[in-house]
Amino acid sequence: MPFGQRGGPAKGPHPIAIVNAQSRTLAKLVRQMKEGCKKDEEAKESTLCGLNPCLKCLQPDILYHLGLSTDTTDFPKVFGDVRFVCMGGTPGRMENFAYYVMQEIGLKINAATKLRNISEAGQRFSLFKVGPVLCASHGMGCPSISILLHELIKMMYHAKCKDPVFIRIGTSGGIGVEPGTVIITSEAIDGRLNPAHEILVHGVSVQHASQLDESLADEIKMCHDPCKDTYEAVIGRTLCAHDFYEGQSRLDGAFCEYTPEMKKTYLEQLQSQEVKNIEMESLAFAALTSRANIRGAVVCVAILNRLNGDQIKTPHEVLSKWEKRPQELVARYIRKSLYYNENDDDSEQPEDETEGAAAGTGAGAGDTQKAPAAEAE
Numbered sequence: 001m002p003f004g005q006r007g008g009p010a011k012g013p014h015p016i017a018i019v020n021a022q023s024r025t026l027a028k029l030v031r032q033m034k035e036g037c038k039k040d041e042e043a044k045e046s047t048l049c050g051l052n053p054c055l056k057c058l059q060p061d062i063l064y065h066l067g068l069s070t071d072t073t074d075f076p077k078v079f080g081d082v083r084f085v086c087m088g089g090t091p092g093r094m095e096n097f098a099y100y101v102m103q104e105i106g107l108k109i110n111a112a113t114k115l116r117n118i119s120e121a122g123q124r125f126s127l128f129k130v131g132p133v134l135c136a137s138h139g140m141g142c143p144s145i146s147i148l149l150h151e152l153i154k155m156m157y158h159a160k161c162k163d164p165v166f167i168r169i170g171t172s173g174g175i176g177v178e179p180g181t182v183i184i185t186s187e188a189i190d191g192r193l194n195p196a197h198e199i200l201v202h203g204v205s206v207q208h209a210s211q212l213d214e215s216l217a218d219e220i221k222m223c224h225d226p227c228k229d230t231y232e233a234v235i236g237r238t239l240c241a242h243d244f245y246e247g248q249s250r251l252d253g254a255f256c257e258y259t260p261e262m263k264k265t266y267l268e269q270l271q272s273q274e275v276k277n278i279e280m281e282s283l284a285f286a287a288l289t290s291r292a293n294i295r296g297a298v299v300c301v302a303i304l305n306r307l308n309g310d311q312i313k314t315p316h317e318v319l320s321k322w323e324k325r326p327q328e329l330v331a332r333y334i335r336k337s338l339y340y341n342e343n344d345d346d347s348e349q350p351e352d353e354t355e356g357a358a359a360g361t362g363a364g365a366g367d368t369q370k371a372p373a374a375e376a377e
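For the sequence shown, full-length UniProt numbering gives the first residue as 1, with consecutive numbering after it.
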């Protein structure tokens with residue numbers, strides 16, 4: 001069913017035509033991983049808007065925290081094919097997601113190579129590129145993710161990317177939902193239930209609306225299969241706190257100047273306002289992506305129901321399985337976006353060396369490196 005259509009199945013092209021189109025798309029992804037974007041494939045201008053007018057004057061522009069610069073990296077060639085930017089809290093989680101999404105979109109890597117952390121020189125974030133998918137770690141909290149977003153948005157601008165989609169994948173505390181439930185954010189709000197991200201500029205409070213793309217949330221939700229998936233996926237409001245303990249009304253922090261009754265009243269108020277979960281990054285994510293005219297979504301799994309307690313007592317192996325649930329939905333969305341009803345007129349045929357291509361050594365690949373002997377084994 002095409003995204004956004006809620007009725008019965010739509011009449012589409014013949015299955016063979018779909019397979020052929022998907023094969024052409026995969027062949028194009030493989031070639032771009034080998035060689036980078038060709039000049040005729042590069043967009044003339046980025047589709048992002050509302051950005052700093054001084055960016056055109058920065059020669060070079062140094063993305064300090066990513067360890068990248070426009071004078072040493074050909075951004076249009078290396079990053080010009082990026083269509084999806086996925087981010088999560090930890091480097092390990094996003095490296096694992098990069099390998100997972102690589103498999104889901106049909107690319108391979110041989111045993112002698114591994115994905116390269118493109119931002120290793122910056123020593124702040126991790127950044128892995130798998131064809132049209134960029135996977136980044138953002139750390140914890142709005143200050144950390146805002147730094148990453150500023151530099152990723154500038155990257156998209158310099159690379160002249162066309163209509164990139166940004167998605168945050170993570171964990172959260174649920175409000176009245178079963179642990180393991182995936183929540184897709186409809187609106188990000190602060191502790192006052194205000195849908196805006198507040199920053200201080202020259203000592204003055206400035207608020208930016210924390211808007212997320214409603215249709216994108218619906219498209220990701222439609223990738224959930226209630227008949228096969230053993231968990232529930234819901235759309236709801238997300239409260240973004242500025243710390244893990246007092247800002248989330250926890251009773252288990254080093255300091256606590258409120259009573260259990262006060263905590264219960266506050267969380268129940270959130271539940272009555274259709275808040276489904278609490279996390280720490282959605283306000284900055286929503287505000288910065290909407291300011292740049294980027295479609296954005298936040299997809300998190302609830303690892304506990306905060307109405308029933310504060311401490312996370314679920315075994316690690318169960319948490320690991322739950323953490324993969326948002327990744328599964330997002331990978332399905334990416335695969336559908338790349339391959340469903342593809343109308344690419346490119347006449348290239350799929351290559352047999354997809355494994356070697358994903359480990360490409362071409363000038364534009366920029367996402368793999370030789371693995372150490374111990375790791376290759």
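The C-beta atom is built at its ideal place from N, Cα and C for all residues, glycine as well.
Applying the 10 Å Cβ sphere with the 16-neighbour rule, what's the burial state of residue i?
i, result
"Glu-353", "Note that Glu-353 scores a pLDDT of 40, beneath 50, so its modelled location is shaky and nothing firm can be said."
"Gln-248", "buried"
"Asn-117", "buried"
"Thr-289", "buried"
"Cys-142", "buried"
"Tyr-240", "For the sequence presented, residue 240 should be read as Cys rather than Tyr. Cys-240 should be labelled buried."
"Ile-312", "exposed"
"Lys-11", "For Lys-11, the predicted model reports a pLDDT of 44, less than 50, meaning its position is unreliable; a value from the coordinates is still stated below. It counts as exposed."
"Val-206", "exposed"
"Cys-57", "exposed"
"Glu-375", "The predicted position of Glu-375 is uncertain, since its pLDDT is 35 and thus under 50; a value taken from the coordinates is nonetheless stated next. Answer is exposed; the Cβ neighbour count stays below 16."
"Gly-203", "exposed"
"Gln-349", "Bear in mind that a pLDDT of 38 at Gln-349, under 50, signals an unreliable position, so the number given afterwards is only what the model happens to contain. Exposed, because fewer than 16 other Cβ atoms sit within 10 Å of the Cβ of Gln-349."
"Leu-200", "exposed"
"Pro-226", "exposed"
"Ser-172", "buried"
"Gln-59", "exposed"
"Glu-257", "exposed"
"Ala-111", "exposed"
"Gln-103", "exposed"
"Leu-107", "buried"
Hey, would you say residue i sits closer than 8 Å to residue j, going by beta carbons?
i, j, result
"Arg-325", "Val-182", "yes"
"Lys-276", "Thr-230", "no"
"Thr-70", "Asp-61", "yes"
"Ile-175", "Ile-303", "no"
"Val-78", "Met-156", "no"
"Met-87", "Phe-128", "no"
"Leu-148", "Phe-125", "yes"
"Ile-169", "Val-330", "yes"
"Ser-294", "Leu-51", "Position check: residue 294 holds Ile in this sequence, whereas Ser was assumed. Cβ distance not < 8 Å, so Ile-294 and Leu-51 don't count as in contact."
"Gly-131", "His-65", "no"
"Ser-119", "Leu-55", "no"
"Val-85", "Phe-166", "yes"
"Val-301", "Glu-323", "yes"
"Asp-310", "Arg-250", "yes"
"Ile-105", "Leu-338", "yes"
"Gly-89", "His-138", "yes"
"Ile-235", "Ser-186", "yes"
"Phe-255", "His-158", "no"
"His-197", "His-208", "yes"
Our contact map puts residue i next to residue j with C-beta atoms below 8 Å; I'd like the distance itself, whole angstroms only.
i, j, result
"Ala-98", "Leu-115", "5 Å"
"Glu-246", "Glu-178", "Not really, about 26 Å apart at Cβ, beyond 8 Å."
"Ile-153", "Ala-292", "5 Å"
"Lys-221", "Glu-45", "Not quite, the Cβ-Cβ distance comes to about 32 Å (not below 8 Å), so this is no contact."
"Leu-216", "Leu-267", "With 8 Å as the limit, Leu-216 and Leu-267 do not qualify as a contact, their Cβ atoms being about 28 Å apart."
"Met-140", "Met-280", "6 Å"
"Leu-270", "Glu-151", "So it is not a contact: roughly 32 Å between Cβ atoms."
In the DSSP output, which residue or residues are listed as bridge partners for residue i?
i, result
"Thr-238", "Ala-188 and Asn-277"
"Met-87", "Ala-136 and Arg-168"
"Lys-129", "Leu-134"
"Cys-300", "Gly-170 and Ile-183"
"Ala-196", "Ala-209"
"Val-330", "Paired residues: none, contrary to the question."
"Ser-69", "Ile-62"
"Ala-233", "Val-182"
"Arg-325", "None; Arg-325 has no bridge partner."
"Val-201", "Val-204"
"Arg-305", "Note that residue 305 is Asn in the sequence shown here, rather than Arg. Asn-305 pairs with Gly-174."
"Arg-295", "Val-165"
| Cβ pair count under 8 Å reaching 3, the stretch 212-230 against the stretch 282-295 | At 8 Å Cβ cutoff, the stretches touch.
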